[in-house]
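**Q**
Protein chains: 2
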Amino acid sequence: MILDPKKLEFKNQIFVILGVSGCGKSTIGRLLSGRTGLPFHDADEYHPKSNVDKMSKGLPLDDADREPWLEKLSGLLKQWHEEGGAILACSALKEKYREILGENTKNIHWVYLKGSYELILDRMQSRKGHFMRPAMLQSQFDALEEPDYGLTIDIEQAPEQIAEQIINNLSMEKKSVFGVYGLGVMGRSLALNIADKGFILSVYNRAEGGEEQIVSDFMRENDDRPNIRGFTDLGAFVRSLEQPRKILLMIKAGPVVDIVMKQLLPLLSKGDVLIDGGNSHYTDTTRRCEQASEKGIGFVGAGISGGEQGARTGPSIMPGGELEDYAKVAEVLEAIAAKDRSGDPCCRYMGPDGSGHFVKMVHNGIEYVEMQLLAELYGLLRSDRSNEEIARLFESWNHGTQQSYLLGITQSILRKREGDGYLLDLVLDKAGNKGTGSWSSKAAFDLGVPNTLMSASVFERYLSSFKDIRVELASRFPRRGDRGGALPEDAVLREAYAFARMINHHQGFELLRAASEQYQWDLDFQRIARVWSEGCIIKSALMNRLETLFAEQGDLLSLAEVTEELKEQEEAVRVLLSSALNRRVALSCFGAALNFWVNMTTESLPANLIQAQRDFFGAHTYERTDDPGGGPHHTQWG
Amino acid sequence: MILDPKKLEFKNQIFVILGVSGCGKSTIGRLLSGRTGLPFHDADEYHPKSNVDKMSKGLPLDDADREPWLEKLSGLLKQWHEEGGAILACSALKEKYREILGENTKNIHWVYLKGSYELILDRMQSRKGHFMRPAMLQSQFDALEEPDYGLTIDIEQAPEQIAEQIINNLSMEKKSVFGVYGLGVMGRSLALNIADKGFILSVYNRAEGGEEQIVSDFMRENDDRPNIRGFTDLGAFVRSLEQPRKILLMIKAGPVVDIVMKQLLPLLSKGDVLIDGGNSHYTDTTRRCEQASEKGIGFVGAGISGGEQGARTGPSIMPGGELEDYAKVAEVLEAIAAKDRSGDPCCRYMGPDGSGHFVKMVHNGIEYVEMQLLAELYGLLRSDRSNEEIARLFESWNHGTQQSYLLGITQSILRKREGDGYLLDLVLDKAGNKGTGSWSSKAAFDLGVPNTLMSASVFERYLSSFKDIRVELASRFPRRGDRGGALPEDAVLREAYAFARMINHHQGFELLRAASEQYQWDLDFQRIARVWSEGCIIKSALMNRLETLFAEQGDLLSLAEVTEELKEQEEAVRVLLSSALNRRVALSCFGAALNFWVNMTTESLPANLIQAQRDFFGAHTYERTDDPGGGPHHTQWG
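From first to last, the protein sequence lines are chains A and B.
In case it helps, our numbering puts the first sequence at residues 1294 to 1931.
In case it helps, our numbering puts the second sequence at residues 1294 to 1931.
Given below as structure tokens:
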């Protein structure tokens, strides 16, 4: 069955058309059925035979007669709702009848067809074959309690006009709380997550360019979820949302976002909010915040981490933009986010402009390093140990202070078997990347921050891609492990790993600090650590610890607790690097971590020579240690 | 003396106003003097007394009478020219008189005031107090040999019109070959270099915002150079240039270039060429090439290296843009450039768009690493050796294959004394940077190239800026040298240095290769090595060797000569790094060099784990070693 996109808007909707006999309930109901694709039912067809007989004899039904009938209808309405919606014509004259009808189904669209006694009498007298006698009409008017809710429609209009009015009114009345634009892997998962939380939501995807079936497939797969409404018509999608509208864009980062904004902005009203949930570059997001703001539209750039699974069950969300805009979308985003150890959502307002996407970008940069550190350890150990042995080592670390999501999945990966061997051994050693790692590294250069581990991790991925050259050169050079030498003890490996992770997180947060100062974002490190403590790829026990550590002012290296620990671990890194040096294995990230720490704890670096060289050939001047704050000085060195 | 900017255009110009007596030479000469600021002289005032007496008696002068007088005037013209220019009124009726006048001075502007016998007779009869009698007029007309060069002007016009015509005609006639816009340190040096090569050039600088005196000071300092003309009026500057105009912009890279282009483009004509000689970002240059091209103007982005001294005596120049535009400016740029070992100019066409600025950017990136390598060696050695000892070591390397400009200046720096100590010891260890290093690093990320040494060098400069934190942390941690261990032998240091330099140059050229492929620039590595072999900061014996090596197809690591050398040197780097590890000194660049080499010669990197992790949490898929070219594969790992 191919659903008519136009009709997806009415999925799971229940209409009850009410009014006295002869007001046109069946006519309007059937018209509406044609317009909406919902099946039409006439309540009279569900009367028990006793009632039909009574009415045929011209005897009016009493409430005792009606009760089993109304109960039955009430059950049917529930069933029809779950089956995709329906339209019921039913006089439902009294409030208590309507209460029975509605007791199993929320959000019934009540449509009261209102007409004068004279008009209806006139119409009834022209009808044939109907078992109700005109004489009963007065008793109906006597019983009628007009509803003061739902939709009241004057039946003097033509039936087509009435049907149109009901549909338009539905669009006004029955709005979704939230919209999701784009039903890719992440968009679908987030939509289901939102639906799980009970929000009525609209989802949209274009139905062209190979994506014709996306929405209809999604709606069919999820036809047990009445609170999801699918659209392939952008106008209908937008109209289906309550104001201020809240639309989450789950589309490919880059120019596509600008194209979609261009389509959407004219359809929106002041105060509406767009949320970009993709991995957009933060400078683009800052620009888009400004562009949307010029039209009175809010724009929230929200980094979302956790992959498909996280999106479905609870991601970590990093929203940035104007606080008042975030306030409008907070309820939904915080409801779907992972919960931290205190039960608070891993979704907190980060700051203005593209700050949310910046934080997400740095998250990914930290992730690159966390992955590379494990890969470097694996690379060193695998010449001497089996995958299972390495998995066991990692498993022994994966509790207490070093517990982490990535350590956990790495164990699973190491242990994954295929046939007689390990699947990992068959994976090609060319690592891909999707840009956020290099963006982090580039941001570090823009901000003048020595972000050495992220760069090293990204470069190692690039290096891995030169597979052919490596194979060719390797054939002419001593292979890894040839030089031998004992591997460091497990405890040394663990200390070195802890050391490098701390430096990695320090550098990551210092990159955030530099951006926060540069762009005046006033980022809250404790809040960020909290948002990263669950739902995302870098969730770990360390992140919980950082949340506590960031209660103190200043960076991690200003905390004696941290520096004393690093001081103690330093020797382990040295042992590890010595071993790697002897075994001809490059541990770029571990090396960068130690170099960073050594430099940061060295009073005098040889940068004085560089300054002198710059002054020699370029007259760039220098400062003097014996003239603090003085200068600049210049010398004819040659 | 403040020079009138309007009059700078006429500096050192010599005008000779000629024609029969009574044609208005003095009147026009004096008007012209007011307009140009040049002093006016009347030749008659320089007659020897014998001639004056003869004329007073109504006796005509013969050529013998005139000869000493003309010889004297000829000497005066030379003197006036050197003193800043002058206007001389002199009948100079015969060609041989004019030959004498011009024998000491090139480029005299001859202005012949032409009128009929009747008109002049009429004018003379209305003059009083003049010692020449009207009767002599006919003899003048008899003697007159009208010049068929210079400017002939009809005296029937008003004197103001005549003066205007002379000035306009000068602007048409007397054009500069080249223009330099911006007289900062580099602009001044390049202008003098161009002037040295004999080109007539115009220089411009704005006379506002604190730069009021720039042009007048420059012109005064260089008033012995008749081929430089200074302007503070942009229109006059542009008008002073022969077409197609060639203007070298020596201004601050960034938005200023766009502002200046906006001012200049409307004043230029199709076919003119702008050269941006600053350190502009290559993407800006590519954009500006397009913008200028839309108006029919050529735009050459030329990287210029060598600092102030290089600019003055022979820089290395890396021009990019359309070849036909470069062809117009090649004569001047190649004349002023340094000369390579074959005597050819270190200025060659690089390629289209911003390729010239890209090449210059990579030059600077390589320079960062070359400086950092020396700084790291110095940093390791200085705990055990004096500056003089380190200088002596570097000196021992600075010939043959490791000779380089930077090694040379580093020796000078190490030896520079102040009082009883070394000046270097008083230079603060905070290294600055002007962006091209970080641009190179960012370009590497954009192009997916593992440019590890440049990044490390830039990060080391950033790190050096955290002086306060370093001092604070250093007070709590063991100081460099505390751990001891012998320093590597000098030969080991030299080998490690050679190794790291080769890796540095390999990475730099591979960055060029990636850009060349990405942007289809078709860069010629041999040509680039040649341009970098003299005049620039990274000139070295190695660069000459690279020029030879790049005669072969492929990258340096594809040459057995290079890889065998690296293989032999590898152990020296390992010894160096071991020593640094034990002595608690970070050798980030040397470490990155070894890691790069080890990775490039390793068949299987641990990147398979990273691909598996990515597939685990993000379904990013992977390739399999047992399915080359197949896939992508995806696994439920957990």
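All residues carry an ideal CB built from backbone N, CA and C; glycine is no exception.
This structure is a prediction, so every number in the text was calculated from the model and none was measured.
Under a CB-based cut-off of 7 Å, is Val1785(B) close to chain A?
**A** Counting from one through the second sequence, the residue named residue 1785(B) turns up at place 492. With 7 Å as the cut-off, Val1785(B) does not count as an interface residue toward chain A.
**Q** Tell whether a beta-carbon distance below 7 Å holds between Leu1721(A) and Thr1918(B).
**A** As a working note, residue 1721(A) is residue 428 in the first sequence. As a working note, residue 1918(B) is residue 625 in the second sequence. Yes.
**Q** Out of Asp1677(B), Ser1897(B), Lys1653(B), state which residue places its alpha-carbon closest to the alpha-carbon of Ile1610(B).
**A** For this step, residue 1610(B) is matched to residue 317 along the second sequence. Nearest of Asp1677(B), Ser1897(B), Lys1653(B) to Ile1610(B), Cα basis: Lys1653(B).
**Q** Compute every distance between the C-beta of Gly1330(A) and the non-hydrogen atoms of the ligand HEM, then say whether any falls below 6 Å.
**A** The ligand HEM is not part of this structure, which contains no ligands at all.
**Q** What is the rounded straight-line gap between the Cα of Trp1362(B) and the Cα of Arg1481(B)?
**A** Translated into the one-based positions of the second sequence, residue 1362(B) becomes position 69. Translated into the one-based positions of the second sequence, residue 1481(B) becomes position 188. In a straight line, the C-alpha of Trp1362(B) is about 41 Å away from that of Arg1481(B).
**Q** Answer with yes or no whether the minimum CB distance from Ala1900(A) to chain B is below 7 Å.
**A** Start at 1 with the first residue of the first sequence, and residue 1900(A) comes out as number 607. Yes, contact with chain B.
**Q** Can you find the residues in the same chain that come closer than 8 Å, C-beta to C-beta, to Leu1740(A), ignoring five residues on each side of it along the sequence?
**A** On the first sequence, residue 1740(A) is found 447 positions in, with the first residue counted as 1. So the qualifying residues of the chain are Leu1804, Ala1807, Ala1808, Gln1811.
**Q** So is Pro1638(A) buried or exposed if we call it buried at 16+ other beta carbons inside 10 Å?
**A** Position 345 of the first sequence, counted from the start, is the residue given in the question as residue 1638(A). So Pro1638(A) counts as buried.
**Q** Comparing alpha-carbon positions, which option in Leu1444(A), Thr1895(A), Ile1552(A) lies nearest Asp1762(B)?
**A** Walking along the second sequence from the start, residue 1762(B) turns up at place 469. The question names Asp, yet the displayed sequence has Ile at residue 1762(B). When each option's Cα is compared against that of Ile1762(B), the closest is Thr1895(A).
**Q** Does Ile1552(A) pass the burial test, meaning 16 or more other C-beta atoms within 10 Å, or should it be called exposed?
**A** Numbered from 1 along the first sequence, position 259 holds the residue referred to as residue 1552(A). Answer is exposed; the Cβ neighbour count stays below 16.
**Q** Take Leu1700(B) as the anchor and find which of Leu1717(B), Glu1663(B), Ser1733(B) has the nearest alpha-carbon.
**A** Numbered from its first residue, the second sequence carries residue 1700(B) at position 407. Looking at the Cα atoms, Glu1663(B) is the closest of the given residues.
**Q** Among Leu1483(A), Ser1897(A), Leu1444(A), Ile1683(A), which one has its Cα closest to the Cα of Phe1759(B)?
**A** What you label residue 1759(B) is simply residue 466 of the second sequence in a count that begins at 1. When only C-alpha atoms are compared, the closest one is Ser1897(A).
**Q** Give, in chain order, every unbroken run of the alpha helix (DSSP H) that is at least 4 residues long and sits entirely within the region 1499 to 1542 of chain A.
**A** Runs of the alpha helix (DSSP H) inside the region 1499 to 1542 of chain A: 1507 to 1514, 1527 to 1532.
**Q** Let me know if Phe1792(A) comes out buried or exposed under the rule of 16 or more other beta-carbons within 10 Å of its beta-carbon.
**A** In the first sequence, residue 1792(A) corresponds to position 499, counting from 1. Looking at its Cβ environment, which holds 16 or more other Cβ atoms inside 10 Å, Phe1792(A) is buried.
**Q** What does Gly1741(A) touch in chain B if you count any residue whose Cβ is under 7 Å from its own?
**A** Taking the first sequence and counting its residues from 1, one reaches residue 1741(A) at position 448. The answer, in chain order, is Tyr1755.
**Q** So that I know if they touch, is there some Cβ in chain B lying closer than 7 Å to that of Asp1297(A)?
**A** Along the first sequence, one-based indexing puts residue 1297(A) at 4. Model confidence at Asp1297(A) stands at a pLDDT of 42, short of 50, so the residue's coordinates are unreliable; what they give is reported in the following sentence. Chain B contact via Cβ: absent.
**Q** Can you give me the Cβ contacts of Phe1492(B) inside the same chain, cut-off strictly under 7 Å, excluding the 5 residues immediately before and after it?
**A** As a working note, residue 1492(B) is residue 199 in the second sequence. Same-chain partners within the cutoff: Val1470, Phe1471, Asn1520, Val1625.
**Q** When you compare the region 1574 to 1584 of chain A with the region 1543 to 1557 of chain A, are there three or more beta-carbon pairs, one atom per stretch, that lie closer than 8 Å?
**A** With the cut-off at 8 Å, the region 1574 to 1584 of chain A and the region 1543 to 1557 of chain A touch.
**Q** What does Ile1762(A) reach in chain B if we use C-beta pairs closer than 7 Å?
**A** Position 469 of the first sequence holds residue 1762(A). Here the neighbours are Leu1850, Met1893.
**Q** Within this structure, are the beta carbons of Glu1438(A) and Glu1388(A) separated by less than 7 Å?
**A** Numbered from its first residue, the first sequence carries residue 1438(A) at position 145. Numbered from its first residue, the first sequence carries residue 1388(A) at position 95. Going by C-beta atoms, Glu1438(A) is nearer than 7 Å to Glu1388(A).
**Q** Less than 7 Å between C-beta atoms, sequence neighbours within five positions excluded: which residues of the same chain meet that for Leu1235(A)?
**A** With chain A running from 1294 to 1931 in the structure shown, residue 1235(A) is simply not present.
**Q** Could you give the C-beta distance for Gly1599(B) and Ala1623(B), rounded to a whole number, given that I count them as a contact under 8 Å?
**A** Along the second sequence, one-based indexing puts residue 1599(B) at 306. Along the second sequence, one-based indexing puts residue 1623(B) at 330. Not confirmed; about 18 Å, so no contact.
**Q** Compare the C-beta of Ser1586(A) against all C-beta atoms of chain B and say whether one is closer than 7 Å.
**A** Counted from its first residue, the first sequence places residue 1586(A) at position 293. Taking Cβ atoms only, chain B never reaches closer than 7 Å to Ser1586(A), which makes this a no.
**Q** Less than 7 Å between C-beta atoms, sequence neighbours within five positions excluded: which residues of the same chain meet that for Met1836(B)?
**A** Your numbering for residue 1836(B) matches position 543 in the second sequence. Closer than 7 Å at Cβ, skipping near neighbours: Ala1822, Trp1825, Ser1826.
**Q** Going by DSSP in three states, Tyr1442(A) sits in which element: helix, strand or coil?
**A** As a first step, residue 1442(A) must be located in the first sequence, where it is residue number 149. Correct three-state label for Tyr1442(A): coil.
**Q** Counting only beta-carbon atoms, is Asp1919(B) nearer than 7 Å to chain A?
**A** What you label residue 1919(B) is simply residue 626 of the second sequence in a count that begins at 1. For Asp1919(B), the answer is yes, since a Cβ of chain A falls inside 7 Å of its Cβ.
**Q** Name the one or two DSSP bridge partners that Gly1472(B) has.
**A** Here residue 1472(B) refers to the residue found at position 179 of the second sequence. DSSP lists Ser1495(B), Ile1540(B) as partners of Gly1472(B).
**Q** Compare the C-beta of Gly1477(A) against all C-beta atoms of chain B and say whether one is closer than 7 Å.
**A** Reading the first sequence from its first residue, position 184 is the one you call residue 1477(A). No, Gly1477(A) lies away from the interface with chain B (no Cβ there is under 7 Å from its Cβ).
**Q** For Pro1781(B), which three-state DSSP category applies?
**A** Locating residue 1781(B) in the second sequence gives position 488, where the first residue counts as 1. Three-state result, Pro1781(B): coil.
**Q** So that I know if they touch, is there some Cβ in chain B lying closer than 7 Å to that of Trp1825(A)?
**A** Counting from one through the first sequence, the residue named residue 1825(A) turns up at place 532. No - not a single Cβ of chain B is within 7 Å of the one on Trp1825(A).
**Q** Closer than 8 Å, Cβ to any Cβ of chain A: which residues of the region 1650 to 1669 of chain B, in chain order?
**A** Listed by position, the residues of the region 1650 to 1669 of chain B near chain A (Cβ gap below 8 Å) are Met1664, Gln1665, Leu1667, Ala1668, Glu1669.
**Q** Tell me which residues share the same chain as Lys1490(A) and place their Cβ nearer than 8 Å to its Cβ, disregarding the 5 neighbours each side in the sequence.
**A** Stepping through the first sequence from its first residue, residue 1490(A) is reached at position 197. Val1625, Ala1628, Ile1629.
**Q** For the alpha helix (DSSP H) containing Ala1488(A), name the first residue and the last one.
**A** To locate residue 1488(A), count along the first sequence from 1; it is residue 195. Segment 1478 to 1489, the alpha helix (DSSP H) holding Ala1488(A).
**Q** Check this for me: beta carbons of Gly1649(A) and Pro1608(A), under 7 Å apart or not?
**A** Position 356 of the first sequence, counted from the start, is the residue given in the question as residue 1649(A). Position 315 of the first sequence, counted from the start, is the residue given in the question as residue 1608(A). No; because the gap between Cβ atoms is not below 7 Å, this pair is not in contact.
**Q** Quick one, which of Thr1928(B), Ser1851(B), Leu1394(B), Ile1448(B) has its alpha-carbon nearest Ser1319(B)'s?
**A** Locating residue 1319(B) in the second sequence gives position 26, where the first residue counts as 1. Nearest C-alpha to Ser1319(B): Ile1448(B).
**Q** Along the chain, where does the alpha helix (DSSP H) containing Trp1403(B) start, and where does it finish?
**A** One-based indexing of the second sequence puts residue 1403(B) at position 110. Per DSSP, Trp1403(B) belongs to no alpha helix (DSSP H); it is in the beta strand (DSSP E), 1402 to 1407.
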